[in-house]
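Everything on this sheet refers to the single structure shown next.
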Amino acid sequence: MPARDVPTLTTFPYPELDQREDDHWSGAQVSDDELRALSLGGFYSARWDAFHDALLLGPEREHPLGDRRELAIDTLTGAWGITDGTEAMASMEQLLDGMHGPLYALVHPLVTAAINSPERDRFGERADRHRAFLRQVGSFRGMENPEALVRDYDIWSQAIKLGLTDHLVRPLPTDIQAWDLARVVAVARMAYTAGYLDADVAWDYLMRALPPAQRKYRNWRQFGDAYLAGWTYWQACEDLAELKSGGVDRRMELLRLWMRPTSPWRRITLQPEE
1 MPARDVPTLT
11 TFPYPELDQR
21 EDDHWSGAQV
31 SDDELRALSL
41 GGFYSARWDA
51 FHDALLLGPE
61 REHPLGDRRE
71 LAIDTLTGAW
81 GITDGTEAMA
91 SMEQLLDGMH
101 GPLYALVHPL
111 VTAAINSPER
121 DRFGERADRH
131 RAFLRQVGSF
141 RGMENPEALV
151 RDYDIWSQAI
161 KLGLTDHLVR
171 PLPTDIQAWD
181 LARVVAVARM
191 AYTAGYLDAD
201 VAWDYLMRAL
211 PPAQRKYRNW
221 RQFGDAYLAG
231 WTYWQACEDL
241 AELKSGGVDR
251 RMELLRLWMR
261 PTSPWRRITL
271 QPEE
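According to UniProt numbering, the stretch in the sequence shown is residues 1 to 274, in order.
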């Protein structure tokens, strides 16, 4: 009999998150570090109803748009502009170097400083100084369009002020490298499933993504929070309207990964256990 005023614990206290399929495990013989590397893309495995422990985006099932290989090809082409292995590797190299992470590292601290400053900002002078600084940085770094940083600054500031980042942990994460690293795994798995990459090449990219994730984050909670902040930053710069519902939906997916007993993030820790 449960103690008074102590709620009865259940295996998964959010039944509304269990509407998706069960987690899929192929039973493949992978090492702990290989499973950790695959789990960097755990969000996508859950979204795709794919195996958590294999490169192939199985299990196969009937789908009006085709089989798993055709879906991988369509996604790589439509979302990434990737049509072969060379382009897939180029995109993953960009992600490993930092695709959106470095931009966020420049923009987010300035936006935070502007929003949290106790001083009155007469006529938007503070924001103007920030924009001038970002233009200088963009020009110094040889960006084709230095105004892109200014645009990101204005949009990210607006997203925060409008409450479109309320689904994120507070304080907001200071980096979004997890967003780039998770997509390395997603692209590698899609490219392998599409037939663009051999397994050895795909595994090499996965294993290159693991060390920076382990250096940056102590656990899957931190990794997931940074991933979601990265998606939010990217989505804000693409389409603010998608944030309102999309952010909450993705937060629920992360809760599922953090809490569901059959999740890969419950099966293995990000850091090797002592």
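By construction, the Cβ of each residue, glycine as well, lies at the ideal position given by its N, Cα and C atoms. This structure is a prediction, so every number in the text was calculated from the model and none was measured.
8 Å CB neighbourhood of residue i in its chain, flanking five on each side removed
i, result
"residue 221", "258"
"residue 135", "146, 147, 149 and 150"
"residue 110", "130, 133, 134 and 153"
"residue 270", "36, 39, 213, 214, 217, 218, 219, 220 and 223"
"residue 210", "33, 36, 37 and 40"
"residue 265", "39, 42, 220, 224, 257 and 258"
Assigned exposure category for residue i - 16 Cβ within 10 Å defines buried
i, result
"residue 36", "buried"
"residue 5", "Because the pLDDT at residue 5 is just 40, under 50, the model does not fix this residue reliably, and the value given afterwards should be weighed accordingly. With fewer than 16 other Cβ atoms within 10 Å, it is exposed."
"residue 67", "exposed"
"residue 163", "exposed"
"residue 79", "exposed"
"residue 230", "buried"
"residue 361", "Not covered by the structure: residue 361. The range shown for the chain is 1 to 274."
"residue 25", "exposed"
Own chain partners of residue i with C-beta closer than 7 Å, once the 5 adjacent residues on each side are dropped
i, result
"residue 165", "159, 172 and 232"
"residue 246", "235"
"residue 117", "126"
"residue 268", "32, 35, 36 and 39"
Option nearest residue i by Cα separation, candidates the options
i, options, result
"residue 202", "183, 75 and 252", "183"
"residue 133", "106, 251, 42 and 264", "106"
"residue 228", "32, 33 and 44", "44"
"residue 254", "42, 25, 27 and 24", "42"
"residue 192", "46, 24, 29 and 76", "76"
"residue 180", "108, 91, 157 and 142", "91"
"residue 248", "155, 167, 53 and 114", "167"
Is the region 175-187 close to the region 260-267, with three or more CB pairs under 8 Å?
no
Would you be able to state if there are at least three C-beta pairs under 8 Å between the region 64-84 and the region 189-196?
yes
Determine contact between the region 200-214 and the region 32-51, defined as no fewer than three beta-carbon pairs at a distance below 8 Å.
yes
Contiguous alpha helix (DSSP H) assignments of at least 4 residues, all confined to the region 174-204
Taken in chain order, the whole alpha helix (DSSP H) runs of length 4 or more contained in the region 174-204 are 177-194.
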